[in-house]
Structure formats: C-alpha cells, structure tokens
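> Chain order of the listed sequences is P and A.
With this note's numbering applied, the first sequence closes on residue 1731, and no number is skipped along the way.
With this note's numbering applied, the second sequence closes on residue 149, and no number is skipped along the way.
Backbone N, C-alpha and C define an ideal beta-carbon position, used for all residues, glycine too.
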Amino acid sequence: MAKPAKVLLNVPAIKADFPILQRTVRDKRLVYLDSAATSQKPKQVIDATSDFYSRYNANVHRAIYELGEESTREYEGAREKVAAFIQAKSAMEIVFTKSTTESINVVAYGYGLKGKIEKGDEILGTVMEHHSNHVPWHFVKDHKGAVLKYVDVNDDGTLKMEQYDALLTNRTKIVTVTLCSNVLGTINPVKEIAKRAHEVGAICVVDAAQAAPHMPIDVQSLDADFLAFSGHKMLGPTGIGVLYGKPDLLEATEPLLGGGEMIREVHLGWAKWNDVPYKFEGGTPNIAGAIGLGVAVDYLTTIGMDAVRGHEMEVTEYALEKLARLKGVQTYGPRDVTKRAGVVSFTIDGAHPHDIASILDVEGICVRSGHHCAQPLMERFNLPATARASFYVYNDLDDVDALVAGIKKVQEVFA
Amino acid sequence: MSISYDMYQEQILDHYKHPRNKGPLAGASKNARDSNPLCGDEVVLHLKVDGSDRIAEVKFEGQGCAISQASASMLTTIVKGMPLAEAGGLGRDAVLKKLGIPLSAVRLKCALLSLHVLKLAIGQKADVGT
C-alpha cells in the first residue's frame, strides 16, 4: 500500500457536489465538523437513491419482470463494489445489514451466542470501543457465560499492546477491536492484533465504522475474520451497513433474522436457509440504501482512498497545531497524524462540552458533544464529556479556522 | 445577539460560576440523583425537612453544562424554606421562568434535570415533561 501523502484535495470542487453544504445556518456558512457521527451526501448518491425509486423500484431476487432484473443487478452490483472497496476476495463475503451495530450483533448472536462460544470462553475487547462493540458482547456474557476482558489504553490514546499480549490466551475465542477510535482518532495496529489472535486460535472482529470512510482498507492484508462498517458515515445513505466475513466463518454463523429472502425452503416447523450472504438478509433489504452506498464507494474510489487519507492527515495536522496554541484547550489522542484519523476530541477549561457545542452552533459550526457512545473510554480518561470535531473530504483549512474562532468565542463567554 | 447567545446571559453564567447551595448536606433526610444520558449531566439533591414539613435546607451536587448546573442552583433558591407539598407541586414553568431563556428541545432536558431529581427526592415519579 502506498503511503498517503499529506496533500489537500480540491475542496471547492468537492463541496460543489454536496447540496447541503450550499445552505447557511442563521445566515452563517455551514461548517460541518461532525462526519464521525454521519457524513453529508454528494448529489450523486442522493440522485442514485431517488433514481431507484423513480425508474426501477422492484423487489430484488424475486421478480421475473424487467424492473426486478434491474433492481437485482444494481443491488448485487453494489455488493461487488463494496467487496472491491475493501479488497474482499468475493462479493459473497459481503453481507448487507442496516448498520455497523447490526453487523456486530450478527456476529455476537450468530457466531457467539447461538454458535461457537461456551461458558468460560473469553472475549477480548478494548476500553476504546464504541458501545456498539461493547453491548453485543455483554449479551454473549449474559446468555453463554463468556468472560469479557479489555485491553486498556495509554495516556496518548494508543492501545497497551503488552497488556494485549498478556490477556491473550488459548481461552480467548474472539478478539474484537476498532480499527479507528471514534473519540481519540487512534488507528489501531489491527493487522498485528489479528495475527496474534490467530496464533492462539481466536478470531478477530474489526469495527471499521470510523476507518472505512477515511482510509484504504484491505481485509486480506489485515487478515480480519469479520469487519463491520456503515454506509452513512462514508457518503452513503443511512440504514445500510456492511458485514464482511471470511466464507467459512459466515457459513459457521447462524442468521439473526428469520424470514423471507434468507430461506431456500420453508415447511411447517422447519426451514432450510439460503446460501451466504443471503441467509443473513432476511426481509426485503434496503435496496436504495445499498445502491446509494455503491455510488458512494464510486465517489470515494474516484478521489482515491490514499488521497482521502492524505487530505485528512493534512487537515488534522493543521487543527492539532492550531488548537495546541490555544491556552486552556486540551486535545486527546495521538499527536502523530500518521497514527490517527481526523477525529479530534477537545475540552476547554471552564466550559462544558455541551455549552461549547451550543455556542459553536450559533456560528454555524456543527460539532458533537457528549460521551460519543464510548462511556468506558470517557471513564478511563476521567472525562464526563468532550467536544469533538471530525473532518472529511469536504472540510478544508478554512473550516478549522472557523472552529478556532468559535472556540475563542466560547472562551469569551466563559471567561 | 441571537437566541443561542442569550442562553448564556449574565444571570445563568453567574449561577454556573458561583453556584448557590452547592455541596454535600450532612443529615439530609431526602436524597436523589439522576443524569442525562445524552450528555452526562448529573444532579444530586439533598433535602433536610423540618418538623413542619418544610425544606429547611437544600444542597445540590453535580456536574454538567451551564444550563443544567445553573438551573439546579436556581432551583435550590426556589425551594429553600418551601413546604414539601408545594415543592412537590412545582411545574416546569417555575424553573423555565427563572432561567428566562428560550431553549431547544435538547437543552430543555438539561434545564429540567434538577426539577426531575427534586421530584425523585420527594418520592414522586412525576414526569416533568422533558
């Protein structure tokens, strides 16, 4: 993989593709810095979903008529695009879900709770996981008696790898880790983590919700066993998510949803399931969402994921530098932008993050405030909450300057 | 000045920076705590009730945004010396009037957290309509 260079993208040209970025908020230019929560959508994606409903809306995999042929072709085409985007060997390794959360739940239920995990088996997570990579494993603990263990983080936001080694034993059956923290921006050494997990016979589940939109992903190189991400954080529609799985593991995983589409034959009292990945897609899927995600993948691929990553490193470097110069402002996570993504959590002395977000909102700046669905991590850093700015392809250095000016306003109010 | 800057008018910042009746209360007879899961705002209320069922002393503890903490501080000044029954009957308008600012739906939860905790302390499970 080529090392991404820190070079800015042509942001004005990209911004022109995003209708929402043309609007104002209270007569101020919209400065959208909450892409870690959800990204904005380019008109290509919006048009593709509307095009589906206007021109060829039909259910997939059923209809004999032309519309159904078209919708099935586009839906399956999106699966191919997603497979290529993460370097999967085959589109059959791609399951469409509604979200990262659902993807992880499919694994926790189908592989853990209904499958391979027995009492006393250990599941090893980290304290920096999003709630969606904590709570599904609680279910496995509660229903199967699995033991949950967690790798802590260092003060600089990196994982304690020596502790990982110490906690990893032949009792460990599942290692589950985020590729990129939604609070600290930390990019975890998942390739190394997966390698060591495999050495003790464990599988490695990867939460790529914050990574897939922002950096090149190669599931074969990572040797991830399962990998989950969401469409809406990567320029795609809401309600569409992805679960990648190695074929043998998808075979060994029981479906979460029973119903139409996921079956081969149904009789009174029993059914035979459909093949992977369809056995996981019970019910009519989010066809427009999948097609929209496919177009989002096209959009990102046209820019190039190395270029996306390079751009965000440059914007993040600039932001960390600017914020470091503000007295009374703290940022969290690694300082080295080669080890982190464009998610910048910060606090301001004397001002609660909620108040920071309210005052920035007056300036037309959207940032997130709160615990970011990562309460265990906030507890680790002894923080009730942080404010968080996150960057994407449509953010430039002017947006960072607007944030810095906004922070100065916050400091004036709470001086 | 826009609506949102008004949110941080002098009075609210004063209560936030110099909270009234903040701290623990030894011998409190009624205590309650709640938090706002959205933003982690937390308010704990301690009440000492005298022989004639009046709130003789009240203290709050907590952490959170200016709106949640200022409104808790203000609420203690409202209920101090008030008959318990009257405090139990306080509606959201009592707090919102004192705050005197327009609030979005999300910030309303911050503003009404302390009133909710007061109701819990008094033993009511009343919904304050956040």
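1) Confirm, please, whether the CB-CB distance from P:Gly-1436 to P:Arg-1487 is below 8 Å.
2) If you draw a straight line from the alpha carbon of A:Leu-127 to that of P:Ala-1329, how long is it in whole angstroms?
3) Using a Cβ-Cβ cut-off of 8 Å, state whether P:Gly-1644 counts as contacting chain A.
4) For the alpha helix (DSSP H) that contains P:Phe-1542, what are its first and last residues?
5) In three-state DSSP terms, what is A:His-37?
6) Using a Cβ-Cβ cutoff of less than 7 Å, which residues in the same chain neighbour A:Ala-47 once the five nearest sequence positions on both sides are dropped?
7) Helix, strand or coil: which one does DSSP assign to P:Asn-1711?
8) How is A:Ile-86 classed by DSSP in three states: helix, strand or coil?
9) Please check if any C-beta of chain P sits within less than 8 Å of the C-beta of A:Met-14.
10) Relative to the alpha-carbon of P:Thr-1502, which residue among P:Tyr-1648, P:Leu-1346, P:Ala-1731, P:Gly-1722 has its alpha-carbon at the smallest distance?
11) Does chain P have any CB closer than 8 Å to the CB of A:Gly-83?
12) If you draw a straight line from the alpha carbon of P:Ala-1525 to that of P:Leu-1484, how long is it in whole angstroms?
13) Measure the alpha-carbon distance for P:Ala-1673 versus A:Leu-131 and round it to whole angstroms.
14) Do you know whose CA, among P:Arg-1684, P:Thr-1416, P:His-1670, P:Asp-1614, lies nearest A:Cys-17's CA?
15) Can you pull out the residues from the region 48 to 61 of chain A whose beta carbon lies closer than 8 Å to at least one beta carbon of chain P?
16) Just reading off the beta strand (DSSP E) that P:Thr-1663 is part of, what are its end residues?
17) Answer yes or no: do P:Phe-1542 and P:Val-1423 have a C-beta to C-beta separation smaller than 8 Å?
18) Just to confirm my understanding: we take P:Ala-1480, look at its own chain, exclude 5 residues before and 5 after, and list those with CB closer than 6 Å. What are they?
19) Nearest to P:His-1688 by CA position, among P:Pro-1320, P:Lys-1322, P:Glu-1445, is which residue?
20) Please list the terminal residues of the continuous alpha helix (DSSP H) segment that includes A:Asp-53.
21) Measuring alpha carbon to alpha carbon, tell me which residue in P:Gln-1403, P:Trp-1453, P:Ile-1410 is nearest P:Tyr-1427.
22) Using alpha carbons as the reference points, say which of P:Phe-1596, P:Glu-1508, P:Thr-1569 lies closest to P:Ile-1579.
23) In whole angstroms, what is the alpha-carbon distance linking A:Val-114 and A:Val-125?
24) Please compile the residues from chain P whose C-beta is within a distance smaller than 9 Å of the C-beta of A:Arg-14.
25) Taking the alpha-carbon positions, what's the P:Ala-1399 to P:Asn-1449 distance?
26) Under 7 Å, CB to CB, which of the residues in the region 1689 to 1701 of chain P have a partner in chain A?
27) Is the Cβ-Cβ distance between P:Val-1645 and P:Arg-1704 less than 8 Å?
28) Should A:Tyr-121 be labelled buried (16 or more other beta-carbon atoms within 10 Å of its own) or exposed?
29) Here's the rule I'm using: 16 or more other beta-carbon atoms within 10 Å means buried, otherwise exposed. How should A:His-37 be labelled?
30) Buried or exposed, going by whether 16 or more other CB atoms sit within 10 Å of the CB of A:Gly-119?
31) Under the rule that 16 or more other beta-carbon atoms within 10 Å means buried, what is P:Gln-1536, buried or exposed?
32) Spell out the partners DSSP gives A:Lys-67 in its beta bridges.
33) Please compile the residues from chain A whose C-beta is within a distance smaller than 7 Å of the C-beta of P:Ser-1419.
34) By the criterion of Cβ-Cβ separation under 9 Å, what are the contact partners of P:Gly-1722 in chain A?
35) Whose C-beta lies closer than 7 Å to the C-beta of P:Ile-1607 among residues of the same chain, with five residues either side of it excluded?
36) Can you tell me whether P:Ser-1387 is buried or exposed, with buried defined as 16 or more other CB within 10 angstroms of its CB?
Well, looking at it:
1) Position 171 of the first sequence, counted from the first residue, corresponds to residue 1487 of chain P. Position 120 of the first sequence, counted from the first residue, corresponds to residue 1436 of chain P. One thing to note: P:Arg-1487 has its Cβ within 8 Å of the Cβ of P:Gly-1436.
2) Numbered from 1 along the second sequence, position 108 holds the residue referred to as residue 127 of chain A. Numbered from 1 along the first sequence, position 13 holds the residue referred to as residue 1329 of chain P. Going by the C-alpha atoms only, they are around 39 Å apart.
3) Position 328 of the first sequence, counted from the first residue, corresponds to residue 1644 of chain P. Cβ-Cβ to chain A under 8 Å: no for P:Gly-1644.
4) Looking up residue 1542 of chain P in the first sequence gives position 226. First-last for P:Phe-1542: 1542 to 1546, but that is the beta strand (DSSP E), not the alpha helix (DSSP H).
5) Locating residue 37 of chain A in the second sequence gives position 18, where the first residue counts as 1. Reduced to three states, the DSSP call for A:His-37 is coil.
6) Counted from its first residue, the second sequence places residue 47 of chain A at position 28. Excluding residues within five positions, the ones whose Cβ falls inside 7 Å are His-65, Leu-66, Lys-67.
7) Numbered from its first residue, the first sequence carries residue 1711 of chain P at position 395. Three-state DSSP puts P:Asn-1711 in coil, outside helix and strand.
8) Start at 1 with the first residue of the second sequence, and residue 86 of chain A comes out as number 67. Of the three classes helix, strand and coil, the one that applies to A:Ile-86 here is helix, per DSSP.
9) The question about residue 14 of chain A has no answer here: the residues shown for chain A are numbered 20 through 149.
10) What you label residue 1502 of chain P is simply residue 186 of the first sequence in a count that begins at 1. Check the Cα spacing between P:Thr-1502 and each of P:Tyr-1648, P:Leu-1346, P:Ala-1731, P:Gly-1722: the tightest is with P:Tyr-1648.
11) One-based indexing of the second sequence puts residue 83 of chain A at position 64. At least one chain P Cβ lies under 8 Å of A:Gly-83.
12) Residue 1525 of chain P sits at position 209 when you count from the first residue of the first sequence. Residue 1484 of chain P sits at position 168 when you count from the first residue of the first sequence. The alpha-carbon atoms of P:Ala-1525 and P:Leu-1484 are separated by roughly 24 Å.
13) Position 357 of the first sequence holds residue 1673 of chain P. Position 112 of the second sequence holds residue 131 of chain A. Rounded to whole angstroms, P:Ala-1673 to A:Leu-131 spans 19 Å at the Cα level.
14) This structure cannot settle anything about residue 17 of chain A, because the visible part of chain A is limited to 20 through 149.
15) Leu-57, Cys-58, Gly-59, Asp-60, Glu-61
16) The count along the first sequence starts at 1 and reaches residue 1663 of chain P at position 347. It spans 1659 to 1664 - the beta strand (DSSP E) in which P:Thr-1663 sits, taken as one unbroken run.
17) For the purposes of this step, residue 1542 of chain P is taken as residue 226 along the first sequence, with counting starting at 1. For the purposes of this step, residue 1423 of chain P is taken as residue 107 along the first sequence, with counting starting at 1. A contact, by the Cβ cut-off of 8 Å.
18) Within the first sequence, the letter at position 164 stands for residue 1480 of chain P. Checking the displayed sequence, the identity of residue 1480 of chain P turns out to be Tyr instead of Ala. Excluding sequence neighbours, P:Tyr-1480 sits near Val-1467.
19) Counting from 1 along the first sequence, the entry for residue 1688 of chain P is found at position 372. The residue among P:Pro-1320, P:Lys-1322, P:Glu-1445 with its C-alpha nearest the C-alpha of P:His-1688 is P:Glu-1445.
20) Along the second sequence, read from residue 1 onward, the residue named residue 53 of chain A stands at position 34. First-last for A:Asp-53: 49 to 55, but that is the beta strand (DSSP E), not the alpha helix (DSSP H).
21) The residue you call residue 1427 of chain P lines up with position 111 of the first sequence. Considering only alpha carbons, the answer is P:Trp-1453.
22) In the first sequence, residue 1579 of chain P corresponds to position 263, counting from 1. When each option's Cα is compared against that of P:Ile-1579, the closest is P:Phe-1596.
23) Reading the second sequence from its first residue, position 95 is the one you call residue 114 of chain A. Reading the second sequence from its first residue, position 106 is the one you call residue 125 of chain A. Using only the alpha carbons, I get a separation of about 16 Å.
24) Here chain A has residues from 20 to 149 only, and residue 14 of chain A is not among them.
25) Translated into the one-based positions of the first sequence, residue 1399 of chain P becomes position 83. Translated into the one-based positions of the first sequence, residue 1449 of chain P becomes position 133. The straight-line gap from Cα to Cα measures roughly 22 Å.
26) Pro-1700, Ala-1701
27) For the purposes of this step, residue 1645 of chain P is taken as residue 329 along the first sequence, with counting starting at 1. For the purposes of this step, residue 1704 of chain P is taken as residue 388 along the first sequence, with counting starting at 1. No, they are not a contact pair.
28) To locate residue 121 of chain A, count along the second sequence from 1; it is residue 102. It should be pointed out that residue 121 of chain A corresponds to Pro in this sequence rather than to Tyr. Exposed, by the Cβ-count rule.
29) Walking along the second sequence from the start, residue 37 of chain A turns up at place 18. The residue is exposed, with fewer than 16 neighbouring Cβ atoms inside 10 Å.
30) Here residue 119 of chain A refers to the residue found at position 100 when the second sequence is read from its first residue. Classification of A:Gly-119: exposed, given that the 10 Å Cβ count is below 16.
31) Start at 1 with the first residue of the first sequence, and residue 1536 of chain P comes out as number 220. Answer is exposed; the Cβ neighbour count stays below 16.
32) Taking the first residue of the second sequence as 1, we reach residue 67 of chain A at position 48. In DSSP, A:Lys-67 forms a bridge with A:Glu-76.
33) To locate residue 1419 of chain P, count along the first sequence from 1; it is residue 103. None at all; the shortest Cβ gap to chain A is about 24 Å.
34) Indexing the first sequence from 1 puts residue 1722 of chain P at position 406. Under the 9 Å cutoff, chain A gives no residues; its nearest Cβ is about 12 Å from P:Gly-1722.
35) If you number the first sequence from 1, residue 1607 of chain P lands on position 291. Correct list, in chain order: Ala-1364, Thr-1365, Phe-1368, Glu-1390, Tyr-1391, Ala-1394.
36) Counting from 1 along the first sequence, the entry for residue 1387 of chain P is found at position 71. Flag for P:Ser-1387 reads buried.
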